[in-house]
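K.L.:
Before anything else, here's the structure in question.
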Amino acid sequence: MSRQQTLRITTGGRGMTDITAHVEEVARAGGAASGVVHVFVRHTSCSLTITENADPDVRRDLETLATRWAPDGDPAYRHRNEGDDDMAAHARSVLAGSSVTVPLNAGRLLLGTWQGIYLWEHRKHAQTREVVVTLLG
Amino acid sequence: MSRQQTLRITTGGRGMTDITAHVEEVARAGGAASGVVHVFVRHTSCSLTITENADPDVRRDLETLATRWAPDGDPAYRHRNEGDDDMAAHARSVLAGSSVTVPLNAGRLLLGTWQGIYLWEHRKHAQTREVVVTLLG
Amino acid sequence: MSRQQTLRITTGGRGMTDITAHVEEVARAGGAASGVVHVFVRHTSCSLTITENADPDVRRDLETLATRWAPDGDPAYRHRNEGDDDMAAHARSVLAGSSVTVPLNAGRLLLGTWQGIYLWEHRKHAQTREVVVTLLG
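Protein chains in written order, with this note's numbering: chain G, 279 to 415; chain D, 279 to 415; chain H, 279 to 415.
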């Protein structure tokens, strides 16, 4: 069994967008499948990540740390084609990853209570991002 | 084919617990399946990671580096609900990830000789963690 | 459906090798399958990562950042068996990960235009690396 759907998500620039409900909807539409849901972003300057869904300060603090892991406009960068946030975005994408996979049981995601699936936009300006959701069972 | 089992692992606080044998046991119970094994942790303050299984100093040095990647009690953090290690644990979880997937051949994990699967506890105190193992073939 | 193949890739020491074409070849050989392709490296001192395939400066800048994330020969390391780049390589492997998964549609990888799949060698000297590609559909 496999079932695949592409979502288009418009981000508001740097920050996280909770896409858990979108992924759950694809899972439900797949019937009572068990296996895993694979979520993949077709870009190299944003990520998919799983993190705490309760206190928004967690996402805020992750931004603070990410600017240390990959500073904007670092003088050591050679890749600067699209501005100060360009290379930093690629580096964040490598660190946080391009996909997440979540176990699926009878059509229901087995996320923990505090886990949400986030599209993490690493560019400063709003973008439309393609996210491919695949059910594997 | 998909087969799913939830393990409960009690950690001893910050540090890595080798869960390779547990995952192998689920794989064996699934018969001679080929495909991949997906391992997922239902929490946002610990990780699953694959690293060297020989010299324990590797895991010790990873702790040293992790305290630089996400320092405990950093003055910049706003999220401090559960203590100094709270936000650091969420950040480590984003960096090291919530799941690993390993190829499976005829019921056997295709790990390299030096690879082990570790539950990496990021909180300072012992926790009981739910780990979902799914065989996909 | 699952189909599995092991590739042997010789790297030129630290740096990234584009293996996208190799993974596409395995996908094509699998017929018109839909699902995901899972790519896994059987080592703890190199990674698989997805990043920009256009400007080589992106890969160069990622090396620059990686030497900050995990400096070679850091005085705090205890694991030094195989030289200055040994522990740094394990740490990079944890950060960038040991596997990537990409959605597959009718035998075609659903990578974005600018995404390439790279074997990221973290050791300074050339190595031969085993990469297991599994099609799941």
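We put the CB at the ideal spot given by N, CA and C, even for glycine. The structure displayed is predicted, hence computed values, not measured ones.
Taking a Cβ distance cut-off of 8 Å, strictly less, list which residues of the segment 323-353 of chain D are near chain H, in chain order.
P.N.:
327, 328, 329, 330, 333, 335, 336, 338, 339, 340, 342, 343 and 347
K.L.:
Between residue 317(D) and residue 395(D), which are expected to be in contact by the criterion C-beta below 8 Å, what is the C-beta distance as a whole number of angstroms?
P.N.:
For the purposes of this step, residue 317(D) is taken as residue 39 along the second sequence, with counting starting at 1. For the purposes of this step, residue 395(D) is taken as residue 117 along the second sequence, with counting starting at 1. Yes, they are in contact, since the Cβ atoms of residue 317(D) and residue 395(D) sit about 6 Å apart, within 8 Å.
K.L.:
Note the first and the last residue of the continuous alpha helix (DSSP H) segment covering residue 347(D).
P.N.:
Taking the first residue of the second sequence as position 1, residue 347(D) is located at position 69. Counting along the chain, the alpha helix (DSSP H) containing residue 347(D) begins and ends at 334-347.
K.L.:
Beta strand (DSSP E) containing residue 325(D): first to last residue?
P.N.:
Translated into positions along the second sequence, residue 325(D) becomes position 47. Residue 325(D) -> beta strand (DSSP E) spans 324-330.
K.L.:
Give the secondary structure of residue 321(D) by DSSP, where H, G and I count as helix, E and B as strand, and everything else as coil.
P.N.:
For the purposes of this step, residue 321(D) is taken as the residue at position 43 of the second sequence. DSSP places residue 321(D) in coil when its eight states are reduced to three.
K.L.:
Does the Cβ of residue 383(D) have 16 or more other Cβ atoms within 10 Å, making it buried, or fewer, making it exposed?
P.N.:
In the second sequence, residue 383(D) corresponds to position 105, counting from 1. Burial call: buried.
K.L.:
Compare the Cα-Cα distances from residue 398(H) to each of 390(H), 391(H), 414(H) and 407(H) and report the closest residue.
P.N.:
Position 120 of the third sequence, counting from 1, holds the residue named residue 398(H). Nearest to residue 398(H) by C-alpha distance, out of 390(H), 391(H), 414(H) and 407(H), is 407(H).
K.L.:
As an exercise, report each continuous alpha helix (DSSP H) stretch of at least 4 residues that is fully enclosed by the segment 352-379 of chain G, in chain order.
P.N.:
364-374
K.L.:
The beta strand (DSSP E) that contains residue 412(D), what's its start and end?
P.N.:
Taking the second sequence and counting its residues from 1, the one referred to as residue 412(D) is at position 134. It spans 406-414 - the beta strand (DSSP E) in which residue 412(D) sits, taken as one unbroken run.
K.L.:
Give a yes or no on whether 8 Å exceeds the smallest Cβ distance from residue 374(G) to chain D.
P.N.:
What you label residue 374(G) is simply residue 96 of the first sequence in a count that begins at 1. At least one chain D Cβ lies under 8 Å of residue 374(G).
K.L.:
Does DSSP put residue 298(G) in a helix, in a strand, or in coil?
P.N.:
Translated into the one-based positions of the first sequence, residue 298(G) becomes position 20. Residue 298(G) falls in the helix class under three-state DSSP.
K.L.:
Name the chain G residues that come within less than 9 Å of residue 283(D), Cβ to Cβ?
P.N.:
For this step, residue 283(D) is matched to residue 5 along the second sequence. Those within 9 Å of residue 283(D) in chain G number zero; the least Cβ separation is about 10 Å.
K.L.:
Looking at the strands, I want to know which residues DSSP matches up with residue 387(G).
P.N.:
In the first sequence, residue 387(G) corresponds to position 109, counting from 1. Paired residue(s): 382(G).
K.L.:
When the distance is taken between beta carbons, is residue 323(H) closer than 8 Å to residue 375(H)?
P.N.:
Stepping through the third sequence from its first residue, residue 375(H) is reached at position 97. Stepping through the third sequence from its first residue, residue 323(H) is reached at position 45. Not a contact, by the Cβ cut-off of 8 Å.
K.L.:
Give the residues from the segment 353-368 of chain D that approach chain G closer than 8 Å (Cβ to any Cβ), ordered along the chain.
P.N.:
354, 355, 356, 357, 359, 365 and 368
K.L.:
Based on the DSSP output, what are the partners of residue 284(G) in its beta bridges?
P.N.:
The residue given as residue 284(G) occupies position 6 in the first sequence. The partner list for residue 284(G) (beta bridge, DSSP) reads 410(G).
K.L.:
Buried or exposed: which applies to residue 381(D), given that a residue is buried once 16 or more other Cβ atoms fall within 10 Å of its Cβ?
P.N.:
Residue mapping note: residue 381(D) aligns to position 103 of the second sequence, counting from 1. It is buried - the Cβ of residue 381(D) has at least 16 other Cβ atoms within 10 Å.
K.L.:
Relative to the alpha-carbon of residue 282(G), which residue among 311(G), 372(G) and 358(G) has its alpha-carbon at the smallest distance?
P.N.:
Here the question's residue 282(G) lines up with position 4 in the first sequence. Of 311(G), 372(G) and 358(G), the residue nearest in Cα terms is 311(G).
K.L.:
Hey, out of 290(H), 321(H), 307(H) and 314(H), whose CA is closest to residue 393(D)'s CA?
P.N.:
By 1-based counting over the second sequence, the position of residue 393(D) is 115. Ranked by how close their Cα comes to the Cα of residue 393(D), the residues 290(H), 321(H), 307(H) and 314(H) have 321(H) in first place.
K.L.:
Measure the beta-carbon distance from residue 336(H) to residue 327(H) and round it to whole angstroms, keeping in mind my assumption that it falls under 8 Å.
P.N.:
Here residue 336(H) corresponds to residue number 58 of the third sequence, with the count starting at 1. Here residue 327(H) corresponds to residue number 49 of the third sequence, with the count starting at 1. With a beta-carbon spacing of about 11 Å, residue 336(H) and residue 327(H) fall beyond the 8 Å limit used to define contacts.
K.L.:
Could you give the first and the last residue of the continuous beta strand (DSSP E) run that contains residue 398(H)?
P.N.:
Numbered from 1 along the third sequence, position 120 holds the residue referred to as residue 398(H). Note, residue 398(H): beta strand (DSSP E), 393-399.
K.L.:
Give me the subset of the segment 296-326 of chain G whose CB atoms are less than 7 Å from a CB atom of chain D, sorted by chain position.
P.N.:
312, 313 and 314
K.L.:
Compare the C-beta of residue 410(H) with all C-beta atoms of chain D and state if any pair is closer than 8 Å.
P.N.:
Position 132 of the third sequence holds residue 410(H). Yes, residue 410(H) lies at the interface with chain D (some Cβ there is under 8 Å from its Cβ).
K.L.:
Is the number of C-beta pairs between the segment 400-415 of chain D and the segment 280-299 of chain D that are closer than 8 Å three or more?
P.N.:
Short answer: they touch.
K.L.:
Under 7 Å Cβ to Cβ from residue 332(H), same chain only, skipping five residues before and after it: list those, please.
P.N.:
Residue numbering aside, residue 332(H) sits at position 54 when the third sequence is read from its first letter. Same-chain partners within the cutoff: 392.
K.L.:
Counting C-beta neighbours from all protein chains within 10 Å, is the total for residue 370(D) 16 or more, i.e. buried, or is it exposed?
P.N.:
The sequence position of residue 370(D) within the second sequence is 92, counting from 1. Residue 370(D) is buried by the Cβ-count criterion.
K.L.:
Would you say residue 388(D) reaches chain H, if we count a Cβ-Cβ gap shorter than 8 Å as a contact?
P.N.:
On the second sequence, residue 388(D) is found 110 positions in, with the first residue counted as 1. Yes, residue 388(D) counts as interfacial toward chain H.
K.L.:
Between the Cα of residue 342(H) and those of 354(G), 296(G) and 287(G), spot the shortest distance and give me the residue it belongs to.
P.N.:
If you number the third sequence from 1, residue 342(H) lands on position 64. Here the closest residue by C-alpha is 354(G).
K.L.:
Should residue 363(D) be labelled buried (16 or more other beta-carbon atoms within 10 Å of its own) or exposed?
P.N.:
Within the second sequence, residue 363(D) is the residue found at index 85, counting from 1. Its Cβ being crowded by 16 or more others within 10 Å, residue 363(D) is buried.
K.L.:
Determine the contact status of residue 309(G) and residue 385(G), defining contact as a CB-CB distance below 8 Å.
P.N.:
On the first sequence, residue 309(G) is found 31 positions in, with the first residue counted as 1. On the first sequence, residue 385(G) is found 107 positions in, with the first residue counted as 1. Taking 8 Å as the Cβ cut-off, residue 309(G) and residue 385(G) qualify as a contacting pair.
K.L.:
So, for residue 298(H): in the same chain, excluding its five sequence neighbours on each side, which residues have a beta-carbon less than 6 Å away from its beta-carbon?
P.N.:
Reading the third sequence from its first residue, position 20 is the one you call residue 298(H). Cβ within range, chain order: 394 and 395.
K.L.:
Taking the CB atoms as reference points, tell me whether residue 315(G) and residue 307(G) lie closer together than 8 Å.
P.N.:
For the purposes of this step, residue 315(G) is taken as residue 37 along the first sequence, with counting starting at 1. For the purposes of this step, residue 307(G) is taken as residue 29 along the first sequence, with counting starting at 1. The answer is no: Cβ separation not under 8 Å.
K.L.:
Please list the partners that residue 414(G) has in chain D, where partner means a Cβ-to-Cβ separation under 7 Å.
P.N.:
Sequence index remark: in the first sequence, residue 414(G) carries index 136 (1-based). Neighbours of residue 414(G) on chain D, chain order: 414.
K.L.:
Kindly list the residues whose CB is nearer than 6 Å to the CB of residue 415(H), restricted to its own chain and excluding five residues on each side of it in sequence; keep chain order.
P.N.:
Along the third sequence, read from residue 1 onward, the residue named residue 415(H) stands at position 137. Answer for residue 415(H): 279, 311, 312 and 313, listed in chain order.
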